[in-house]
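The listed protein sequences correspond, in order, to chains A and B. Residues 2 to 324 (my numbering) make up the first sequence, in order. Residues 2 to 324 (my numbering) make up the second sequence, in order. Beta carbons are placed, not taken as given, at the ideal position from N, Cα and C, and that holds for glycine. Keep in mind the model is a prediction, meaning the values are calculated, not measured.
Number of protein chains: 2
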Amino acid sequence: MEVDIKQKILVFFRKNAENYVSGEDISTALGVSRAYVWKYVNKLRNHGYEIEAVPHLGYKIRSSPDKLFEYEVKNGLRTRTIGKKAVHYSESIDSTNNRAYELAEAGEPEGTLVIAESQFHGKGRMGRRWVSPKGGGIYISLILRPDVGTDEIPGITLIAAESIAKVINRITRLSAGIKWPNDIVVNGRKICGILTEIKAQPDRVDFLILGIGINVNTPPGKIPPGGTSLKNETNLSVNRVGLTRDLLEEFEKDYQRFKKEGFSLRETCKGLSLTLGRKVEIREHDRVIKGTAVDIGEKGALIVKNGKGALQRVFSGDVTLFG
Amino acid sequence: MEVDIKQKILVFFRKNAENYVSGEDISTALGVSRAYVWKYVNKLRNHGYEIEAVPHLGYKIRSSPDKLFEYEVKNGLRTRTIGKKAVHYSESIDSTNNRAYELAEAGEPEGTLVIAESQFHGKGRMGRRWVSPKGGGIYISLILRPDVGTDEIPGITLIAAESIAKVINRITRLSAGIKWPNDIVVNGRKICGILTEIKAQPDRVDFLILGIGINVNTPPGKIPPGGTSLKNETNLSVNRVGLTRDLLEEFEKDYQRFKKEGFSLRETCKGLSLTLGRKVEIREHDRVIKGTAVDIGEKGALIVKNGKGALQRVFSGDVTLFG
């Protein structure tokens, strides 16, 4: 309800961005009292919106803060489930994946979205950290409840990577690609990481948390070595709210397709792969696999050919690229 | 500490089961005050132990309740980690797996054991219930933290099944076998089910909950159709505490081997399999696989040959046996 009214007031302001609008106009348009409008205009001001108020003329919105507020992300979002239900926004959180996991355990439905402006324990793969400074990143986690076995998970991680790479390439004209299994790389540097976590029985996944961290406008000094940001690569700031909506919409399309057809986006993922054709060394628990990455399997595994020509299917692991 | 002192008093009583032992004997042997001994003797009585007290003679234990108290299970347990650390006992619980999962989330270590005399929402596979009446069953869940990928889980479930079948066959001379992937069957009827649940990233399992439900002395009227109990099959009551210890010891051996060698108990599991050589129909999510079960794969998958001779690897599913 709170989210709704804020969203509606903002939509009304923006539709009439050239003019002053009176409290009465808003209260009539939204069907709420003028006192209520006043209360929420002040709440929006507290959230960083500059809203000018001139006696006898009314309100005018001057600027919006660069924040991923749930009512901004949901505003005009063209999805059916992803981000359409509950959206949980925080300024700062330990980890969006942890929060989403708790919410999933408590029964929150597919499509529930957790957003944070910064994470103080952002999680990466293999127990690593994902550096998540305030100001310029997108840190989101989605609850998914596909009816699949755990062997389908690499496919879901890959279609998430694929949908993100596609959106980045569409809006920036960069050439983002996928470093198997779950990184997105631009000009040789990491711009986005995906962390999939699941609760499962061997038969089926109870739920899956898809965590996405993207360096959007993050200043270079706040990015660890080997990483970059969209702004760093393009010299342009990107609207994070719009990008988040684009990502959710693109991912929903691909995920719906996955639910119907399985990993039928395999060829698209192969096309975006920066790993295929490269020499690789992969650490997977206590074994090390060396060879050339030759294919992505039916369910998203990496197929590696060793020196003797034998093929190995790698389910997951820590990949170093050579040559 | 409480658990310790109860265990020590019981050990002392049982060592001296033919004689009366004085409070002073116990207090000297255990290095605690007589008041303390008195307090814990009364606690044991409240738990159902019949302890006779004769003035000037002392105490004598007459009988012990048929309960899986943590201090009974731990008493003489010859394991290194399994059941050696925290053991959580309840008369009644929603689900031992749920409790173990919560404990694992909170950081409890490998080997932590949850025991209940009954479960009101005992969980089976595929969202089913595991009927868990009071009086005669063993309902336990173990926290495991192996450093493996999710593809290794079927192997761990199978070695658990294998260790349970071995123990049942050793102590009863029945011929228990494994119905892939996770049931133990005696004379065509189910006697034990295993429910493995995991929290994982595709790269690695954070933790695994191994839930085991066994119909030991459960009366026939309380067992669902298609099931049986050890007592029903042998006409003998089985000491549940002793059986639980045997299971934990046997499982630890096989699990340690698994951690060193992977699924090297594959041949043993094949030998105990009731599925191999049979015609099967397997529902795995939205697909149905029909054919003959011909092998158990390197990591515990079932290999099914269809009518055309093609082999399919089945990771998990709901199996019906024919022929």
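To the nearest angstrom, how far is the alpha carbon of residue i from that of residue j?
| i | j | result |
| --- | --- | --- |
| B:Asn216 | B:Asn76 | 23 Å |
| B:Ile297 | B:Ser23 | 59 Å |
| A:Val33 | A:Leu69 | 26 Å |
| A:Leu114 | A:Leu104 | 10 Å |
| A:Ile213 | A:Cys193 | 7 Å |
| A:Ile10 | A:Leu249 | 23 Å |
| B:Ile185 | A:Pro226 | 53 Å |
| A:Lys167 | A:Pro182 | 16 Å |
| B:Cys270 | B:Leu231 | 21 Å |
| B:His48 | B:Gly222 | 27 Å |
| A:Ile169 | A:Gly178 | 10 Å |
| A:Val289 | B:Phe259 | 19 Å |
| A:Gln257 | A:Glu251 | 10 Å |
| A:Pro110 | B:Leu31 | 55 Å |
| B:Ser119 | B:Ser93 | 5 Å |
| A:Gln313 | B:Thr245 | 40 Å |
| B:Lys309 | A:Arg126 | 42 Å |
| B:Val74 | B:Gly243 | 7 Å |
| B:Gly263 | B:Arg146 | 14 Å |
| A:Gly112 | A:Ala87 | 8 Å |
| B:Ala294 | B:Gly301 | 13 Å |
| A:Leu58 | A:Glu25 | 11 Å |
| B:Gly292 | A:Gly156 | 27 Å |
| A:Leu209 | A:Gln202 | 12 Å |
| A:Thr138 | A:Ser64 | Here the sequence assigns Gly to residue 138 of chain A, which means Thr is not the residue at that position. Using only the alpha carbons, I get a separation of about 20 Å. |
| B:Leu266 | A:Glu153 | 26 Å |
Taking residue i as the query, report the chain A residues whose CB atoms sit under 9 Å from its CB, ordered along the chain.
| i | result |
| --- | --- |
| B:Ser317 | Gly150, Thr151, Asp152, Gln202, Pro203, Asp204, Arg205 |
| B:Ile199 | Thr151, Ile199, Lys200, Ala201, Gln202, Pro203 |
| B:Thr269 | By Cβ distance, chain A contributes nothing, its closest Cβ being about 20 Å from B:Thr269, past 9 Å. |
| B:Thr158 | Pro203 |
| B:Pro182 | Pro203, Asp204 |
Which residues mark the beginning and the end of the alpha helix (DSSP H) in which residue i is found?
| i | result |
| --- | --- |
| B:Ile165 | 154 to 173 |
| B:Glu268 | 267 to 273 |
| A:Asp26 | 24 to 31 |
| B:Val38 | 35 to 47 |
According to DSSP, simplified to helix, strand and coil, what is residue i?
| i | result |
| --- | --- |
| B:Thr293 | strand |
| A:Asp255 | helix |
| A:Arg279 | coil |
| A:Ala54 | strand |
| A:Ser176 | coil |
| B:Lys68 | coil |
| A:Ile83 | coil |
| A:Ala201 | strand |
| B:Gly301 | coil |
| A:Gly128 | helix |
| B:Lys61 | strand |
| B:Asp5 | helix |
| A:Phe13 | helix |
| B:Gly77 | coil |
Find the residues of chain B that neighbour residue i, judging by a C-beta separation of less than 8 Å, and give them in chain order.
| i | result |
| --- | --- |
| A:His122 | Per Cβ cutoff of 8 Å: no residues; A:His122 is ~14 Å from chain B at best. |
| A:Ile139 | Within chain B, no residue comes near A:Ile139; the closest Cβ sits about 20 Å away, beyond 8 Å. |
| A:His286 | Asp148, Val149, Gly150, Arg205 |
Over what stretch of residues does the beta strand (DSSP E) that includes residue i continue unbroken?
| i | result |
| --- | --- |
| A:Ala117 | 114 to 120 |
| A:Ile224 | Counting along the chain, A:Ile224 falls outside any beta strand (DSSP E), and DSSP gives it neither H nor E. |
| A:Asn20 | Neither: A:Asn20 is in no beta strand (DSSP E) and is coded neither H nor E. |
| B:Thr321 | 319 to 323 |
| A:Val187 | 184 to 187 |
| B:Arg100 | Unbroken run through B:Arg100 is the alpha helix (DSSP H), 97 to 106; no beta strand (DSSP E). |
From the options, pick the residue whose C-alpha is nearest to that of residue i; which is it?
| i | options | result |
| --- | --- | --- |
| A:Lys254 | A:Thr80, A:Ser176, A:Gly324, A:Lys61 | A:Thr80 |
| A:Ile327 | A:Met127, A:Pro226, A:Tyr90, A:Gln8 | The question about residue 327 of chain A has no answer here: the residues shown for chain A are numbered 2 through 324. |
| B:Asn236 | B:Gly243, B:Ala105, B:Pro226, B:Pro220 | B:Pro220 |
| B:Asn99 | B:Val242, B:Lys261, B:Gly123 | B:Gly123 |
| A:Lys144 | A:Ile199, A:Gly138, A:Lys306 | Residue 144 of chain A is actually Ile in this sequence, not Lys. Per the Cα distances, A:Ile199. |
| A:Asp67 | A:Ala101, A:Glu3, A:Val206, A:Val239 | A:Val239 |
| A:Glu3 | A:Leu45, A:Ile27, A:Ala18 | A:Leu45 |
| B:Gly318 | B:Lys7, B:Ile52, B:Leu303 | B:Leu303 |
| B:Lys85 | B:Thr197, B:Asp5, B:Val305, B:Thr151 | B:Asp5 |
| A:Gly195 | A:Ala162, A:Val55, A:Ile172, A:Thr173 | Correcting the residue identity first, residue 195 of chain A is Ile in this sequence and not Gly. Comparing Cα positions, the closest option is A:Ala162. |
| A:Pro134 | A:Gly150, A:Ala117, A:Asp148, A:Gly128 | A:Ala117 |
| B:Arg241 | B:Glu71, B:Ala101, B:Lys280, B:Asn20 | B:Glu71 |
| A:Arg15 | A:Asp287, A:Trp39, A:Tyr50, A:Thr29 | A:Tyr50 |
Just the chain A side, please: which residues come within less than 8 Å of residue i by C-beta, in chain order?
| i | result |
| --- | --- |
| B:Leu196 | Gln202 |
For residue i, go through chain A and note every residue whose CB falls closer than 7 Å to its CB, in chain order.
| i | result |
| --- | --- |
| B:Arg126 | Gln202, Asp204 |
| B:Pro155 | Pro203 |
Confirm the yes/no value for this check: CB of residue i, any heavy atom of the ligand PLP, distance under 8 Å.
| i | result |
| --- | --- |
| B:Asp26 | With respect to the ligand PLP, the structure shown offers nothing to examine, as it has no ligands at all. |
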